[in-house]
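There are 2 protein chains.
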Amino acid sequence: MNPDWTVIDGLQYSAWSREIFEQMHAGGLTAVHVTVAYHETTRETLTRLGEWNARFEAFPELIRPVYNPDDIAKAKTEGRVGIIFGAQNCSPIEDEIRLVEIMRRLGLMIMQLTYNNQSLLACGCYEDEDSGLTRFGKQVIREMNRVGMVIDMSHSAERSTLEAIAHSEQPVIISHANPSHFHPALRNKSNKVVDAIAANEGLLGFSLYPFHLKNGPQCSLDEFCDMVAWTADRMGVDRIGFGSDLCQQQPQTVLEWMRNGRWSKAMDFGEGSSNNAGWPDPLAWFANSSDFPGIAAALMARGFSDEEMAKIMGGNWVALLTRVAQPRDTTGPSKEDAA
Amino acid sequence: MNPDWTVIDGLQYSAWSREIFEQMHAGGLTAVHVTVAYHETTRETLTRLGEWNARFEAFPELIRPVYNPDDIAKAKTEGRVGIIFGAQNCSPIEDEIRLVEIMRRLGLMIMQLTYNNQSLLACGCYEDEDSGLTRFGKQVIREMNRVGMVIDMSHSAERSTLEAIAHSEQPVIISHANPSHFHPALRNKSNKVVDAIAANEGLLGFSLYPFHLKNGPQCSLDEFCDMVAWTADRMGVDRIGFGSDLCQQQPQTVLEWMRNGRWSKAMDFGEGSSNNAGWPDPLAWFANSSDFPGIAAALMARGFSDEEMAKIMGGNWVALLTRVAQPRDTTGPSKEDAA
Chain A
17 MNPDWTVIDG
27 LQYSAWSREI
37 FEQMHAGGLT
47 AVHVTVAYHE
57 TTRETLTRLG
67 EWNARFEAFP
77 ELIRPVYNPD
87 DIAKAKTEGR
97 VGIIFGAQNC
107 SPIEDEIRLV
117 EIMRRLGLMI
127 MQLTYNNQSL
137 LACGCYEDED
147 SGLTRFGKQV
157 IREMNRVGMV
167 IDMSHSAERS
177 TLEAIAHSEQ
187 PVIISHANPS
197 HFHPALRNKS
207 NKVVDAIAAN
217 EGLLGFSLYP
227 FHLKNGPQCS
237 LDEFCDMVAW
247 TADRMGVDRI
257 GFGSDLCQQQ
267 PQTVLEWMRN
277 GRWSKAMDFG
287 EGSSNNAGWP
297 DPLAWFANSS
307 DFPGIAAALM
317 ARGFSDEEMA
327 KIMGGNWVAL
337 LTRVAQPRDT
347 TGPSKEDAA
Chain B
17 MNPDWTVIDG
27 LQYSAWSREI
37 FEQMHAGGLT
47 AVHVTVAYHE
57 TTRETLTRLG
67 EWNARFEAFP
77 ELIRPVYNPD
87 DIAKAKTEGR
97 VGIIFGAQNC
107 SPIEDEIRLV
117 EIMRRLGLMI
127 MQLTYNNQSL
137 LACGCYEDED
147 SGLTRFGKQV
157 IREMNRVGMV
167 IDMSHSAERS
177 TLEAIAHSEQ
187 PVIISHANPS
197 HFHPALRNKS
207 NKVVDAIAAN
217 EGLLGFSLYP
227 FHLKNGPQCS
237 LDEFCDMVAW
247 TADRMGVDRI
257 GFGSDLCQQQ
267 PQTVLEWMRN
277 GRWSKAMDFG
287 EGSSNNAGWP
297 DPLAWFANSS
307 DFPGIAAALM
317 ARGFSDEEMA
327 KIMGGNWVAL
337 LTRVAQPRDT
347 TGPSKEDAA
């Protein structure tokens, strides 16, 4: 793998440890978008961020925070993996529009509007009926645009996703999902959504979560490369990246928290089922972050050029974040500027 | 008043409005330390910070946030008043050591360890018995040192204050109180505390709250200047500044919130009494921020030089904040630094 590339994994949620951070280094990762909240309230999200500060103190030679897109280049220079904070749900802002700016100041660079269910903002991909963006949702989208927080519709339903793209003044992303054309999971995205993301100059991060892949854990690297090639043709090579959805060493209780939060009395099985309630078996060719070079080699063998690979492996993520998540001067012009 | 001075008021808590911000401009203020929390929980503190963001959006030509000491010089250049966030109590960090760093990232530059009562950290000045710093309190002090948050003991009891000074690796301040030598209010500070603050290179901000002054609302500007002169002699001219404790246009309910929070079923009257339960009458010579030039003129007439006045009016505050509240790189050295 070309060491000059900036390599970004656009979604992970593991039981973080020295071993896992060392695997990121072994895999040549420059930065990783990590999930800090699924159903956490505002207050609980602060505890999650505090836990990350504890990791930054414990492993200063391995990781560093990414508060702004420029910090990714710093991570590369320093030889540390940059940690990009994101939420898979809007629970960190509760019902308060002003918390968007507060959370952005704390480094939350990416936020999903929904996680599977209806939220205060929009509809999730597992609801029966999608009534689109809510009144609050429309305001939050513009506030996210204003303060430089990326709108992620990975777990959202189709109408809500298309409406978010139309309402946003900035590109919208799908950080971790695959085209339904490749595998028709509820979490994967129709051609209509794929095309809308491309047209709005957003980004699709390819998921390596077996439930999102044809043949599940048996999906071959060749089949995965087929999907990447198809999507590159459809969306353009500037619109794709990785969002592996890697969840390492998490117990079943964490999977149940992700799926059930505090909303369900009955057990909800998400992409699984009562007969298949656990974590899926891992792919043979992607057990952890150290396997990225193997995927890159397969894509190059498939015919992607070095320049194209630099974009797919992370350059597109950097360009997207630099455009959308740059910190804005939200305090308005000074007297001098206005003069 | 010399327009080259950086003028800082080290404590205000008013019903913020355009009028009040314009009075700050009329008074030549460069920056003001404002209270964002008395008894607010972590979650409630975020709402208070969000309300400040709303003010920064509404009045961009008048005010700007001060996240770091360097922002004070920017405020001066821009002709906007810098707003320095502080808490008068440790309620914003609840029982969680990691919230110190989170709150500092949100701009909380100054925090009192107690507000009149016993807290999780130390003892307040209205308790009968002061058992000094708690186990949590000692850890929080070192964490505040580490992340660059100033320790303020304005409302703390004597033993706790002296122990905080001894335990801290950075100077400790009294943002708003006067020497008991001038007026023996419970909130004012003994010679022992005054001397300890001076010896640790901290800062005492003179209060203009009538309950902290000899003769209350009838205190004359001459008497106030006597106190400043006495304190300058005792502590040194580098160790003093202003912390007016100005509370403009606040209703009685706010005074009751400050005094009672959620802890008291009976009405607590703080520095007042059941016969004197309201806000004190204002001083004739200090109704709002626009009156600072008059105080400065009186002090110059008393014999303070321009150089000394530059320190007292704000230079000492800038030096203290620059030394204590500089943002630290809390993520440790990078590989490169370590090499």
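Protein chains in written order, with the working numbering: chain A, 17 to 355; chain B, 17 to 355.
C-beta atoms are modelled at their ideal positions from N, C-alpha and C, and glycine is treated no differently.
All values derive from a computational prediction rather than experimental measurement.
Where does the unbroken beta strand (DSSP E) through histidine 49 (chain A) begin, and where does it stop?
Numbered from 1 along the first sequence, position 33 holds the residue referred to as residue 49 (chain A). DSSP places histidine 49 (chain A) in the uninterrupted beta strand (DSSP E) bounded by 47–53.
Can you tell me which of the three DSSP states glutamate 352 (chain A) falls into?
Position 336 of the first sequence, counting from 1, holds the residue named residue 352 (chain A). Any reading at glutamate 352 (chain A) needs caution, since the residue's pLDDT is 46, under 50, leaving its predicted position unreliable; the model's value is listed next. It is helical.
With respect to the beta strand (DSSP E) encompassing alanine 103 (chain A), which residues constitute its N-terminal and C-terminal limits?
Here residue 103 (chain A) is taken as the residue at index 87 of the first sequence, counted from 1. For alanine 103 (chain A), the uninterrupted beta strand (DSSP E) run begins and ends at 97–103, by DSSP.
Proximal residues, the segment 95–122 of chain A versus chain B, C-beta separation under 7 Å:
So the list reads Gly95, Arg96, Glu112, Arg114, Leu115, Glu117, Ile118, Arg121, Leu122, given in the order they occur along the chain.
Between which two residues does the beta strand (DSSP E) containing methionine 127 (chain B) stretch?
Position 111 of the second sequence, counting from 1, holds the residue named residue 127 (chain B). Start and end: 124–128.
Kindly indicate which residue of B:Cys106, B:Glu73, B:Met17, B:Phe75 has the alpha-carbon position closest to the one of threonine 51 (chain B).
Here residue 51 (chain B) is taken as the residue at index 35 of the second sequence, counted from 1. Comparing Cα-Cα distances from threonine 51 (chain B) to each of B:Cys106, B:Glu73, B:Met17, B:Phe75, the minimum goes to B:Cys106.
Are the segment 151–170 of chain A and the segment 179–193 of chain A touching, with three or more C-beta to C-beta distances below 8 Å?
The way I'd put it, the segment 151–170 of chain A does touch the segment 179–193 of chain A; three or more beta-carbon pairs between them come closer than 8 Å.
Any residues in the segment 53–66 of chain A with a beta carbon nearer than 9 Å to a beta carbon of chain B? Which ones, in chain order?
Contact annotation: in the segment 53–66 of chain A, residues whose CB is within less than 9 Å of a CB in chain B are Thr57, Thr58, Arg59, Leu62, Thr63, Leu65, Gly66.
Can you tell me where the alpha helix (DSSP H) holding proline 309 (chain A) begins and where it ends?
Numbered from 1 along the first sequence, position 293 holds the residue referred to as residue 309 (chain A). Taken as a continuous stretch (DSSP letters only), the alpha helix (DSSP H) holding proline 309 (chain A) covers 308–317.
Could one say the Cβ of arginine 34 (chain A) lies closer than 8 Å to chain B's Cβ atoms, at least one of them?
In the first sequence, counting from the first residue as 1, residue 34 (chain A) sits at position 18. For arginine 34 (chain A), the answer is no, since every Cβ of chain B falls outside 8 Å of its Cβ.
Less than 8 Å between the beta carbons of arginine 255 (chain A) and leucine 299 (chain A), yes or no?
On the first sequence, position 239 is the one that residue 255 (chain A) refers to. On the first sequence, position 283 is the one that residue 299 (chain A) refers to. Not in contact: arginine 255 (chain A) and leucine 299 (chain A) (Cβ atoms no closer than 8 Å).
Fully enclosed by the segment 225–294 of chain A, which alpha helix (DSSP H) runs are 4 residues long or longer?
Given a length threshold of 4 residues, each whole run of the alpha helix (DSSP H) inside the segment 225–294 of chain A is given here in chain order: 237–251, 268–276.
Any Cβ of chain A within less than 8 Å of the Cβ of alanine 70 (chain B)?
Position 54 of the second sequence holds residue 70 (chain B). Residue contact check for alanine 70 (chain B) against chain A: a CB pair falls below 8 Å.
Burial state of proline 233 (chain A) (16 or more Cβ within 10 Å):
Looking up residue 233 (chain A) in the first sequence gives position 217. Exposed.
As a quick exercise: from B:His197, B:Phe285, B:Gln266, B:Glu239, pick the residue whose alpha carbon is nearest that of arginine 250 (chain B).
As a first step, residue 250 (chain B) must be located in the second sequence, where it is residue number 234. From the listed residues B:His197, B:Phe285, B:Gln266, B:Glu239, the smallest Cα separation to arginine 250 (chain B) is found for B:His197.
What's the C-alpha gap between aspartate 242 (chain B) and serine 289 (chain B)?
To locate residue 242 (chain B), count along the second sequence from 1; it is residue 226. To locate residue 289 (chain B), count along the second sequence from 1; it is residue 273. Approximately 28 Å, taken between the alpha carbons.
Assuming the contact rule is C-beta atoms closer than 8 Å, valine 48 (chain B) and isoleucine 100 (chain B) should be a hit. Round their C-beta distance to whole Å, please.
Numbered from its first residue, the second sequence carries residue 48 (chain B) at position 32. Numbered from its first residue, the second sequence carries residue 100 (chain B) at position 84. About 7 Å separates the two Cβ atoms, so the contact holds.
Please report the distance separating the alpha-carbon of isoleucine 328 (chain B) from that of leucine 149 (chain B).
Here residue 328 (chain B) refers to the residue found at position 312 of the second sequence. Here residue 149 (chain B) refers to the residue found at position 133 of the second sequence. Rounded to whole angstroms, isoleucine 328 (chain B) to leucine 149 (chain B) spans 30 Å at the Cα level.
Taking just the CA atoms, how far does glutamate 73 (chain A) sit from arginine 339 (chain B)?
Numbered from its first residue, the second sequence carries residue 339 (chain B) at position 323. Numbered from its first residue, the first sequence carries residue 73 (chain A) at position 57. If you take the alpha carbons of arginine 339 (chain B) and glutamate 73 (chain A), they lie about 22 Å apart.
Report all residues from its chain with a CB closer than 6 Å to the CB of asparagine 133 (chain B); omit the five preceding and five following residues, and keep chain order.
The sequence position of residue 133 (chain B) within the second sequence is 117, counting from 1. Closer than 6 Å at the Cβ level, and outside the excluded window around asparagine 133 (chain B), lie Gly140.
Given this structure, state the Cα-to-Cα distance separating arginine 1 (chain B) from lysine 205 (chain A), to the nearest angstrom.
With chain B covering only 17 through 355, there is no way to say anything about residue 1 (chain B).
Cβ of glycine 123 (chain B) within 8 Å of Cβ of proline 309 (chain B)?
Stepping through the second sequence from its first residue, residue 123 (chain B) is reached at position 107. Stepping through the second sequence from its first residue, residue 309 (chain B) is reached at position 293. Taking 8 Å as the Cβ cut-off, glycine 123 (chain B) and proline 309 (chain B) do not qualify as a contacting pair.
With DSSP collapsed to three states, give me the class of isoleucine 189 (chain B).
Here residue 189 (chain B) is taken as the residue at index 173 of the second sequence, counted from 1. Three-state result, isoleucine 189 (chain B): strand.
Would you call arginine 151 (chain A) buried or exposed, if buried means 16 or more other Cβ atoms sit within 10 Å of its Cβ?
Within the first sequence, the letter at position 135 stands for residue 151 (chain A). Sixteen is the threshold: since fewer than 16 other Cβ atoms of the shown chains lie within 10 Å of the Cβ of arginine 151 (chain A), the residue is exposed.
Do the CB positions of isoleucine 36 (chain B) and phenylalanine 258 (chain B) come within less than 8 Å of each other?
Along the second sequence, read from residue 1 onward, the residue named residue 36 (chain B) stands at position 20. Along the second sequence, read from residue 1 onward, the residue named residue 258 (chain B) stands at position 242. Contact: no.
Quick check on this structure: which residue in B:Glu38, B:Val82, B:Thr22, B:Ala31 has the alpha carbon closest to the alpha carbon of glutamine 342 (chain B)?
If you number the second sequence from 1, residue 342 (chain B) lands on position 326. Per the C-alpha coordinates, the member of B:Glu38, B:Val82, B:Thr22, B:Ala31 positioned closest to glutamine 342 (chain B) is B:Val82.
Cα-Cα separation between glycine 331 (chain B) and leucine 337 (chain B), rounded to whole angstroms
Stepping through the second sequence from its first residue, residue 331 (chain B) is reached at position 315. Stepping through the second sequence from its first residue, residue 337 (chain B) is reached at position 321. Cα to Cα, the separation comes out at about 10 Å.
Start-to-end residues for the beta strand (DSSP E) that takes in aspartate 25 (chain B)
By 1-based counting over the second sequence, the position of residue 25 (chain B) is 9. For aspartate 25 (chain B), the enclosing beta strand (DSSP E) starts and ends at 24–28.
Looking at the unbroken beta strand (DSSP E) that takes in leucine 219 (chain B), where does it start and where does it end?
Residue 219 (chain B) sits at position 203 when you count from the first residue of the second sequence. For leucine 219 (chain B), the uninterrupted beta strand (DSSP E) run begins and ends at 219–222, by DSSP.
Per DSSP, valine 82 (chain A) forms a beta bridge with which residues?
Looking up residue 82 (chain A) in the first sequence gives position 66. Valine 82 (chain A) is bridged to A:Ile100.
State yes or no: is the C-beta of lysine 230 (chain B) within less than 8 Å of the C-beta of histidine 192 (chain B)?
By one-based count along the second sequence, residue 230 (chain B) stands at place 214. By one-based count along the second sequence, residue 192 (chain B) stands at place 176. No. Outside cutoff.
Is the beta carbon of glutamate 287 (chain B) closer than 8 Å to that of arginine 203 (chain B)?
For the purposes of this step, residue 203 (chain B) is taken as the residue at position 187 of the second sequence. For the purposes of this step, residue 287 (chain B) is taken as the residue at position 271 of the second sequence. Result yes, Cβ atoms of arginine 203 (chain B) and glutamate 287 (chain B) sit closer than 8 Å.
Straight-line Cα distance separating valine 209 (chain A) from threonine 177 (chain A)
Counting from one through the first sequence, the residue named residue 177 (chain A) turns up at place 161. Counting from one through the first sequence, the residue named residue 209 (chain A) turns up at place 193. Near 7 Å, if we compare the C-alpha coordinates of valine 209 (chain A) and threonine 177 (chain A).
Short of 6 Å in beta carbon distance, which residues of its chain neighbour aspartate 211 (chain A), apart from the five on each side in sequence? Order them along the chain.
Counted from its first residue, the first sequence places residue 211 (chain A) at position 195. Sequence-distant Cβ neighbours of aspartate 211 (chain A) in its own chain, meaning closer than 6 Å and more than five residues away, do not exist here.
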